[in-house]
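K.L.:
4 protein chains.
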Amino acid sequence: MDTTISSLGTREFISPLHHRGGVDVTFKQDDERVLFDHRMSPGEVPQPKLSFEVAGARERIYFNPAKTTAGIVTCGGLCPGLNDIIRGIVTQLHLRYGVSRTYGFRYGYEGLMPKYGHTPMPLKPESVSQIHSFGGTILGTSRGVQNVAEMVEFMEELKCDILFVVGGDGTLRGAEALTKEIARRGLKKAVVGIPKTIDNDIMYLDKSFGFETAFGVAVEAVKCAHSEALGSKNGVGLVKLMGRDSGFIASYAALAGSNVDFVLIPEVPFALDGARGLLEALRYRLAKHKSAVIVVAEGAGQQFFETAGEDDPARDKTVNRKFGDIGIFLKNRINAFFEERNMECNLKYIDPSYMIRSVPANAADNFYCSQLAQHAVHAAMSGKTGMLVGRWHGAFIHLPIPLATQGRRKVDPQSELWHSVLESTGQPARLE
Amino acid sequence: MDTTISSLGTREFISPLHHRGGVDVTFKQDDERVLFDHRMSPGEVPQPKLSFEVAGARERIYFNPAKTTAGIVTCGGLCPGLNDIIRGIVTQLHLRYGVSRTYGFRYGYEGLMPKYGHTPMPLKPESVSQIHSFGGTILGTSRGVQNVAEMVEFMEELKCDILFVVGGDGTLRGAEALTKEIARRGLKKAVVGIPKTIDNDIMYLDKSFGFETAFGVAVEAVKCAHSEALGSKNGVGLVKLMGRDSGFIASYAALAGSNVDFVLIPEVPFALDGARGLLEALRYRLAKHKSAVIVVAEGAGQQFFETAGEDDPARDKTVNRKFGDIGIFLKNRINAFFEERNMECNLKYIDPSYMIRSVPANAADNFYCSQLAQHAVHAAMSGKTGMLVGRWHGAFIHLPIPLATQGRRKVDPQSELWHSVLESTGQPARLE
Amino acid sequence: MDTTISSLGTREFISPLHHRGGVDVTFKQDDERVLFDHRMSPGEVPQPKLSFEVAGARERIYFNPAKTTAGIVTCGGLCPGLNDIIRGIVTQLHLRYGVSRTYGFRYGYEGLMPKYGHTPMPLKPESVSQIHSFGGTILGTSRGVQNVAEMVEFMEELKCDILFVVGGDGTLRGAEALTKEIARRGLKKAVVGIPKTIDNDIMYLDKSFGFETAFGVAVEAVKCAHSEALGSKNGVGLVKLMGRDSGFIASYAALAGSNVDFVLIPEVPFALDGARGLLEALRYRLAKHKSAVIVVAEGAGQQFFETAGEDDPARDKTVNRKFGDIGIFLKNRINAFFEERNMECNLKYIDPSYMIRSVPANAADNFYCSQLAQHAVHAAMSGKTGMLVGRWHGAFIHLPIPLATQGRRKVDPQSELWHSVLESTGQPARLE
Amino acid sequence: MDTTISSLGTREFISPLHHRGGVDVTFKQDDERVLFDHRMSPGEVPQPKLSFEVAGARERIYFNPAKTTAGIVTCGGLCPGLNDIIRGIVTQLHLRYGVSRTYGFRYGYEGLMPKYGHTPMPLKPESVSQIHSFGGTILGTSRGVQNVAEMVEFMEELKCDILFVVGGDGTLRGAEALTKEIARRGLKKAVVGIPKTIDNDIMYLDKSFGFETAFGVAVEAVKCAHSEALGSKNGVGLVKLMGRDSGFIASYAALAGSNVDFVLIPEVPFALDGARGLLEALRYRLAKHKSAVIVVAEGAGQQFFETAGEDDPARDKTVNRKFGDIGIFLKNRINAFFEERNMECNLKYIDPSYMIRSVPANAADNFYCSQLAQHAVHAAMSGKTGMLVGRWHGAFIHLPIPLATQGRRKVDPQSELWHSVLESTGQPARLE
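Residue numbers (the numbering used here), protein chains in the order written: chain Y, 602 to 1033; chain W, 602 to 1033; chain L, 602 to 1033; chain A, 602 to 1033.
Shown next, in the form of structure tokens:
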């Protein structure tokens, strides 16, 4: 696993952070590292270990602040904190480094393609001072990567030296391609990524920005489902939450004291039918307690859709991969199951969908995003490129882009997290 | 319009509110009235007008507090404030009137039918002191009316003298039937209703409890739709809100400064196609502003479903009347419209559904519900029956049940309210 | 009581609201009235009664929209909804009437005095579209009235035809003086007020804008006090709330289910000492329940300060009238009382102060403020002057300024409201 | 630094977590460690390093669940999440380990002293299922330690095998004394602590529970101060936040985008007077921007009180150490400064005080507290004693009590955190 961070070259300039009213900041060295594994196995002989470069201000920097132009692009789906990141980058660049030209590219990578005709938005500390009060992103986003050569040419045209890219896997792979094209042309431009995923499933990162905010809204939805379940005889509150590949939001919501009885996630397959399937387990639960709350991550139970034809209306056509709508599917199957048995069952289905991702960031995410933005600016100014900033075990670090995009973090069914979910819900360990 | 309130008979007891630490409450008289119409037409010759009996404590009461047993039943869909009403009735009965036996009947009218085997829940001030912190109803609800004779017999068995009924149209008609059956048998039991509808569409009432809370959540959903709309090129945020027969929630949400561009309500028909239809208007809006927010009340545009067969999956089978899902319908039609024209359109559909009705009441509804509960208890203790408590032009009043259930309040397309919506959205007055 | 509304003269112009896409708004006539008293006494002979002019759009208007300039000034303390009012006036003027020049005067009446050098802020729908997301007022405020002649001259200089004044008693008396000076000079300028008081104590008005929002924050503070009181042995949570002359916020907070044990308001005097004073009542409550919550309106118990000298640090020097700080006073007296008796008492004092008034308006106040703004614009455009817009028994009306500023609404100790407080708290009716 | 964890003895029982529906949990070994320092210095020769015992379920446990009795005590000031901790411990004990007897001791250590007559409260999963919806602690708290011998005897009397202690420094030192007394008597009882401090200043811990919730409320208070500051000419919003020894809450609030201009914390001394003091800096700020927001941690500037006499009313008499009220002090000094210079200054002082600590925990703290509770139960059941559970660099660990109570974490004035504060506020690095 290569954790080496690329750099544009010799750092000729002294950081303007050097003297601030006579108080020195503690600069970081490139050879300061954070261990990948901070656990120590029994009887272990200490030896050099995998580690990540530490993030933070460098004493010498690559770009001359007075002559530097930066740009920001936000890609993919909305996530709480995007505006905080934009605000943080702009204020850090202007107020700490004295970089006064920052462009916001509109609508994701489209904004870097002249053919779409989106004029870049000049960003100043004053123009972004209150944007963190709103959800979404003032720049807009789009999905997909554009022509890499044309994007680099547009950066050249604008004399844009630094590009901050905020987005998920595909976006970051695009940032990697941009970095390579820039290098191929012998240009001196830094590309710095800030990984975004509302599902908290990025490899080698503690948590993704916006996750706490999103999870907080999810908990509110689950509380509503609980009220609905208690509100009618054999009431079932069914909530679909985000999580295409991982069940973090669903698991966290169950552990936040939300009185959940079943959590269904992509990492743990489940059967519907049969003596040990979900439907019988639900029947048992209703017989005993008269109500039940089910939380399902949108990526759970996708095996049920494998035979579904392209024309199945339960299929979601708007995303890369085809996903069946597990929420609607479960709603119909549960209702049918109890109807067949002539048992009363009052199912209320809640799909908070975009409400979870388009709210403004909460205070914790405000703070976290401002830190991410800060470290992204430090990295870019020192000439780092083709890398991401993130937090690992509480420390801010630099990661090569390919490392983070090679896979996704999952809920481990053997982990304490999933076992806690099993115990707090009381659901069978296997629904099969 | 008969506004006479029925009464069980002579009031033999002096209200225990009479002397409270030597401070008299201002008792109300039955002949104090509140005018139905408090506007005065030009040049009008004053004459006796339609009016409602004023609510409030009476100096003499019908029931002997020491020997009285009361019951509460909550029916129909959830609504913010149900627990506040329960709490308010119990504390008012116990602490102000000294009535110490109050039952909570479980799951709507089912709780009054022995055959379901739901044991009534004894309610005390201590057991309800914190229930207003939660959404839903601690009693549970169900839809539909049960056998009136059996319910009255069960009340007799429990020696239940007063029944407080919280629910919508159907529920209140059930309460009217109970009243008649009780009278037919020559029993002395009071039935007092508190009308519930999250849509704010009850006749002769200022506002329904829970409406402000619900509308507040709706505004949050609309804000999310706005963030989504701004977040992508030609972004459309589409929100479906409650309102089967009336567009109050949708109209209020648009006027609360939520940046809405189109409001579609049941009272105002609209066309989709044609030069003046919604789809062309939306195309025009996107061309001009690059984003749009549409709020649709669930009862809007039902004409589009009239030809749909019973098997149409867009039809909602869980409710009395068949409703087509206008949200899903619009989402599909808008997407198809722009696909046909090969125009980009990023529609995000938000259906907050039950999240709007199962949250706890906000402070204003906490207060309003405690007042409604208080007046319901005053009415019942003084022997009023077959009536409702409500607020009209700011004054609490008594209404005969049939008056309130004979129709529903609507948004008047000629009204200042709807004109304000038109202006604040900028939508065409007619989409036809 | 004179309820006649002054007018600038003949209305020469047809309202641009007349035809909006072929849909007529329902215009109001000046002789449509809303009764002051909508209760009807028993056996009453109907006769002409006091009434208010109804608010709303007029078919003919006084000002020519194309040539009209308007201004807005916000005065006195902050109140939730000020930005909503500003936003509502600007959008109503521009979008409905086509008045494109609106100035925001800075820092209250100072902004109308050239000598302070505050440049008026041009206001457009775009520049105010999101301001309701923030508390406070984008214009700033100040207290006190300035030189009336100079203000009128500055209005002349700016060709400002309409002045919207948002503020409390003093501010509105200033608006009255401006109206008279304008009339004296034979000018044709309309002055329209929107009364502001966070205490909900304006005469002849249902409720003041911002009150619900403020009361919601107050309830949060009281909940904290309750948690603190329960959290320690003999815990006392003491909360001071706004209300210099009236106890509405304190009373409402107690009735919103906040588990309050004592409410102290300006309208009901209380003694501290003696067998029936507050301190003994508190001791009794603690002996019985081990915790207590006290809510005190800031204007309560002012008799305790009458002998206090000017130098007493408990005196608040920042306001017109001298107020003793009843919160600090009670805290000290209660602590001393229990110390003297060697009894444990853990008092926690909470003073939310400005947090109650500087939050953004909630959804209900968003809506209410937009309606007030709308009616203020209708009134001004039709040439009404020296008047206020307000809501009376649910209907929007016009009030002559002097009527509203001649006194303040109070909590009536004989009222249902206060009796409900007594019962819900269980406090003695008289603490004397 | 000794990081060895004491243990009661051989673990004779197999964990009931072993087989849960045939799915094994991943048990932890006592010799699994988490490094104290996970950074790696340049050119470092790897060698054994300081580390902490990892927390989590053990395969073999010390206590026989069927015969074990546990108790919980909460001490010191309120903190968001106390009820979550209680709920988490009770449900973990009952549902995962099958320990069915758990007592809640009332009012801190007093509850362990028979002389106070507080009956321990039996706690069951059902009785605690909704307590996390409320702030405070259902057990109540008190300050100070009681007689250690008597407490141990009372535990013996109740056959209480495990005591969970939630509290701050003093409380934890009391837990250490209890552990020693238990050992001295040769008893087999486990004492497990969960450190509590709203200031986030515990040594060797990532963050304290409740901190995020508290900081979120602090941000709301700062937003109000900002609205007030903007709302008047030369407006100054002054907010006092918790933080007797450390400025974490104040610093975080400034970095969450709250538009703060000055942050004053205990770790960084500041002068009021002189050309480089706070007052001149404030005057400069007002001259330039017309408004300012100051956030002061309650422990800041205590040097100003060193000469103040015991009778100074600005001194807070309720806490261990004497603290001057820096908020009131600054308010008075700032007002005096501008009055002397005859400059207008409209200062609004906000002290949210207990409102920050007595709110219910937010979703992130709900989750974090449930994890802490879980790990505390794992530790206790395996016979660990005299130790704390906490999180270090994202991993849950065991800490000997003395390690955590030997000092407090501080904001390092050389750190990135403080420098970010300086830059985001723009305040001078030294106010001296």
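Glycine residues also receive a C-beta, built at the ideal position from the N, C-alpha and C atoms.
Using a C-beta cutoff of 9 Å, does H827 of chain L count as contacting chain A?
P.N.:
Answer yes: the Cβ-Cβ gap between H827 of chain L and chain A drops below 9 Å somewhere.
K.L.:
Looking at C-alpha atoms only, which residue of A:L931, A:Y663, A:M602 is the closest neighbour of L839 of chain A?
P.N.:
Measuring from the Cα of L839 of chain A, the nearest candidate turns out to be A:L931.
K.L.:
Along chain L, in chain order, which residues have C-beta atoms closer than 8 Å to that of S734 of chain Y?
P.N.:
The contacting residues are S734, F735.
K.L.:
Does the beta-carbon distance from L773 of chain W to A974 of chain W come in below 9 Å?
P.N.:
The answer is no: Cβ separation not under 9 Å.
K.L.:
Are there 16 or more other CB atoms within 10 angstroms of the CB of G769 of chain A, so buried, or fewer, so exposed?
P.N.:
Burial call: buried.
K.L.:
My parser needs the beta strand (DSSP E) runs of 3 or more residues fully inside the region 683 to 761 of chain A; what are they?
P.N.:
Segments of the beta strand (DSSP E) lying fully in the region 683 to 761 of chain A: 702 to 706.
K.L.:
Starting from the C-beta of H764 of chain A, find all residues in its chain whose C-beta is less than 6 Å away, skip the five residues before and the five after it, and write them out in chain order.
P.N.:
Position check: residue 764 of chain A holds Leu in this sequence, whereas His was assumed. Cβ within range, chain order: G672, V792.
K.L.:
Considering only residues of the region 888 to 971 of chain W, which uninterrupted beta strand (DSSP E) runs meet the minimum length of 3 residues and lie entirely inside it, listed in chain order?
P.N.:
Qualifying beta strand (DSSP E) stretches, in chain order: 892 to 898, 947 to 951.
K.L.:
Is the region 714 to 723 of chain Y in contact with the region 740 to 754 of chain Y, if contact means three or more CB pairs nearer than 8 Å?
P.N.:
The answer is yes - the region 740 to 754 of chain Y touches the region 714 to 723 of chain Y, with three or more Cβ pairs under 8 Å.
K.L.:
Between which two residues does the alpha helix (DSSP H) carrying P1003 of chain Y extend?
P.N.:
It spans 1002 to 1006 - the alpha helix (DSSP H) in which P1003 of chain Y sits, taken as one unbroken run.
K.L.:
Out of L:E945, L:K949, L:F706, which has the shortest C-alpha to C-alpha gap to G928 of chain L?
P.N.:
The candidate whose alpha carbon is nearest that of G928 of chain L is L:K949.
K.L.:
Taking the alpha carbon of V655 of chain A as the reference point, which residue from Y:R934, Y:K781, Y:M641 has its own alpha carbon closest?
P.N.:
Per the Cα distances, Y:M641.
K.L.:
Quick check: P1043 of chain W and E660 of chain W, are their CB atoms within less than 9 Å of each other?
P.N.:
Residue 1043 of chain W lies beyond the range of chain W shown here (602 to 1033); nothing can be said about it.
K.L.:
With 8 Å as the C-beta to C-beta threshold (strictly closer), list the residues of the region 666 to 688 of chain L near chain A in chain order.
P.N.:
Correct list: L679.
K.L.:
CA-CA distance, C761 of chain Y and S1016 of chain A?
P.N.:
Those two C-alpha atoms are separated by around 31 Å.
K.L.:
From the beta carbon of M602 of chain W, is the nearest beta carbon of chain L less than 9 Å away?
P.N.:
False, the Cβ-Cβ gap to chain L never drops below 9 Å.
K.L.:
Just checking my contact of D685 of chain W with D966 of chain W at CB under 8 Å: how many whole Å lie between their CB atoms?
P.N.:
That pair is a contact at about 7 Å.
K.L.:
When you compare only the Cα positions, how much space is there between H890 of chain Y and F938 of chain Y?
P.N.:
Roughly 18 Å separates the two Cα atoms.
K.L.:
Do you know offhand how far R877 of chain L's Cα is from V897 of chain L's?
P.N.:
Whole-angstrom Cα-Cα distance: 18 Å.
K.L.:
Could you check which residue in W:A882, W:D926, W:I1002 has the C-alpha nearest to that of Q903 of chain W?
P.N.:
Of W:A882, W:D926, W:I1002, the residue nearest in Cα terms is W:D926.
K.L.:
When the distance is taken between beta carbons, is V749 of chain A closer than 9 Å to K790 of chain A?
P.N.:
No, Cβ-Cβ distance for K790 of chain A and V749 of chain A is not below 9 Å.
K.L.:
What do you get for Q1028 of chain Y, buried or exposed, if any count of 16 or more other CB atoms within 10 angstroms of its CB means buried?
P.N.:
Classification of Q1028 of chain Y: buried, given that the 10 Å Cβ count is 16 or more.
K.L.:
Between the Cα of L1022 of chain L and those of L:R884, L:N933, L:G858, L:M982, spot the shortest distance and give me the residue it belongs to.
P.N.:
Before going further, note that residue 1022 of chain L is Val rather than Leu in the sequence given. That would be L:G858, whose Cα lies nearest to the Cα of V1022 of chain L.
K.L.:
Short check: CB of R688 of chain W to CB of V729 of chain W, under 9 Å?
P.N.:
Contact: yes.
K.L.:
Name the two residues that bound the continuous alpha helix (DSSP H) containing R634 of chain Y.
P.N.:
Note, R634 of chain Y: premise wrong, no alpha helix (DSSP H); beta strand (DSSP E) at 634 to 636.
K.L.:
Output yes if chain W places a C-beta closer than 9 Å to the C-beta of K650 of chain Y; else output no.
P.N.:
K650 of chain Y does not count as touching chain W.
K.L.:
So for S642 of chain L, helix, strand or coil by DSSP?
P.N.:
Here S642 of chain L sits in coil by DSSP.
K.L.:
Going by the DSSP bridge assignment, what does T986 of chain W pair with across the sheet?
P.N.:
Answer is W:S607, bridged to T986 of chain W.
K.L.:
Would you mind working out which of W:V746, W:G699, W:M602 sits nearest I615 of chain W, comparing C-alpha positions?
P.N.:
Selected option, being the one with the closest Cα: W:G699.
K.L.:
Tell me which residue opens and which closes the alpha helix (DSSP H) that S828 of chain L is part of.
P.N.:
Element bounds for S828 of chain L: 812 to 832.
K.L.:
Apart from the five residues just before and just after A658 of chain W, which ones in its own chain have a Cβ nearer than 7 Å to its Cβ?
P.N.:
Taken in chain order, the residues that qualify are S616, L618, V626, F628, K629, H979.
K.L.:
Residues in the region 946 to 967 of chain W with C-beta within 7 Å of chain Y's C-beta atoms, listed in sequence order?
P.N.:
Going along the region 946 to 967 of chain W in chain order, one finds K949, I951, D952, P953, S954, Y955, M956, S959, V960 with a Cβ nearer than 7 Å to chain Y.
K.L.:
Buried or exposed: which applies to A667 of chain Y, given that a residue is buried once 16 or more other Cβ atoms fall within 10 Å of its Cβ?
P.N.:
Exposed, since its Cβ has fewer than 16 Cβ neighbours within 10 Å.
K.L.:
Looking at C-alpha atoms only, which residue of W:M804, W:V746, W:Y663 is the closest neighbour of E777 of chain W?
P.N.:
That would be W:V746, whose Cα lies nearest to the Cα of E777 of chain W.
K.L.:
According to the Cβ coordinates, are I799 of chain W and I957 of chain W closer than 9 Å?
P.N.:
Cβ distance < 9 Å, so I799 of chain W and I957 of chain W count as in contact.
K.L.:
Go through its chain and collect everything with a Cβ distance to V1012 of chain A's Cβ below 8 Å, but skip five positions before and after it.
P.N.:
The answer, listed in chain order, is S847, G848, F849, S852, I866, E868, V869, L1018, W1019.
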